[in-house]
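>
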Amino acid sequence: MARSPKVEDGRKSAVALAYREGQRSPTVVAKGYGQLAERIIDRAKDAGVFVHDSPELVSLLMQVDLDQHIPEELYRAVAEILAFVYFLENKATGADFEFESWLAGRRNSLPSG
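Numbering (our numbering), first residue to last: 15 to 127.
1. Under DSSP, the beta strand (DSSP E) around Leu75 begins and ends at which residues?
2. State the Cα-Cα distance for the pair Gly127 and Tyr89, rounded to the nearest angstrom.
3. First and last residue of the alpha helix (DSSP H) that includes Gly46?
4. When the Cα atoms are used, what is the spatial distance from Gly24 to Ile84?
5. Going by beta-carbon coordinates alone, are Leu133 and Val29 separated by less than 7 Å?
6. Please name the residue in Gln82, Gln49, Lys59, Leu71 whose C-alpha comes closest to that of Ala93.
7. In terms of residue numbering, what span does the beta strand (DSSP E) encompassing Ala30 cover?
8. Taking Cβ positions, are Val42 and Leu96 nearer each other than 7 Å?
9. Any idea if Leu31 is buried or exposed, counting beta-carbon neighbours within 10 angstroms, 16 or more meaning buried?
10. Between the alpha carbons of Glu87 and Pro40, how many angstroms are there, rounded?
Have a look at this one:
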């Protein structure tokens with residue numbers, strides 16, 4: 015889940031991504047501006063989903079249609095966020111997780127785009 019505090023006209027924007035093991039890349043499952051963005055963010059927080067604040071990434075993801083995979087050019091940025099989320103989740107549960115090792119292993123399989 016990514017959000018931007020405000021877009022140029024002053025409204026918030028938000029994009030929600032979903033990724034399941036075996037998918038080639040995450041898909042855009044929700045996006046919106048203003049009150050819809052606030053509802054997306056609130057639902058994510060209520061569900062315990064990590065909310066990342068990245069105006070530049072949100073701007074790019076807003077261009078992706080719903081239920082579509084993110085473009086290859088965004089794989090690296092999104093993968094690094096997902097790796098950080100996995101790190102946080104494992105740290106919270108006390109599991110042993112080496113963030114840098116995990117990310118380094120994924121970098122080799124990502125397009126350089």
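Note that the Cβ used here is the ideal one computed from N, Cα and C, for glycine as well.
What you are looking at is a predicted structure, and each value in this text was computed from that prediction instead of being measured.
Taking the structure as given:
1. Counting from one through the sequence shown, the residue named residue 75 turns up at place 61. Counting along the chain, no beta strand (DSSP E) covers Leu75; the unbroken alpha helix (DSSP H) around it starts and ends at 69-75.
2. Within the sequence shown, numbered from 1, the residue matching residue 127 stands at position 113. Within the sequence shown, numbered from 1, the residue matching residue 89 stands at position 75. Residue confidence is low: Gly127 scores 47 on pLDDT, short of 50, so the model does not pin down where it sits. No coordinate-derived value is stated.
3. Along the sequence shown, one-based indexing puts residue 46 at 32. Per DSSP, Gly46 lies in no alpha helix (DSSP H); the unbroken beta strand (DSSP E) holding it starts and ends at 41-47.
4. Within the sequence shown, numbered from 1, the residue matching residue 24 stands at position 10. Within the sequence shown, numbered from 1, the residue matching residue 84 stands at position 70. Taking the CA atoms as reference points, Gly24 sits about 25 Å from Ile84.
5. With the chain covering only 15 through 127, there is no way to say anything about residue 133.
6. The count along the sequence shown starts at 1 and reaches residue 93 at position 79. Checked all of Gln82, Gln49, Lys59, Leu71; the closest Cα to Ala93 is Leu71.
7. Counting from 1 along the sequence shown, the entry for residue 30 is found at position 16. Ala30 -> beta strand (DSSP E) spans 27-32.
8. As a first step, residue 42 must be located in the sequence shown, where it is residue number 28. As a first step, residue 96 must be located in the sequence shown, where it is residue number 82. Not closer than 7 Å, so no.
9. Within the sequence shown, residue 31 is the residue found at index 17, counting from 1. Classification for Leu31: buried.
10. Here residue 87 refers to the residue found at position 73 when the sequence shown is read from its first residue. Here residue 40 refers to the residue found at position 26 when the sequence shown is read from its first residue. For Glu87 and Pro40, the distance between alpha carbons rounds to 13 Å.
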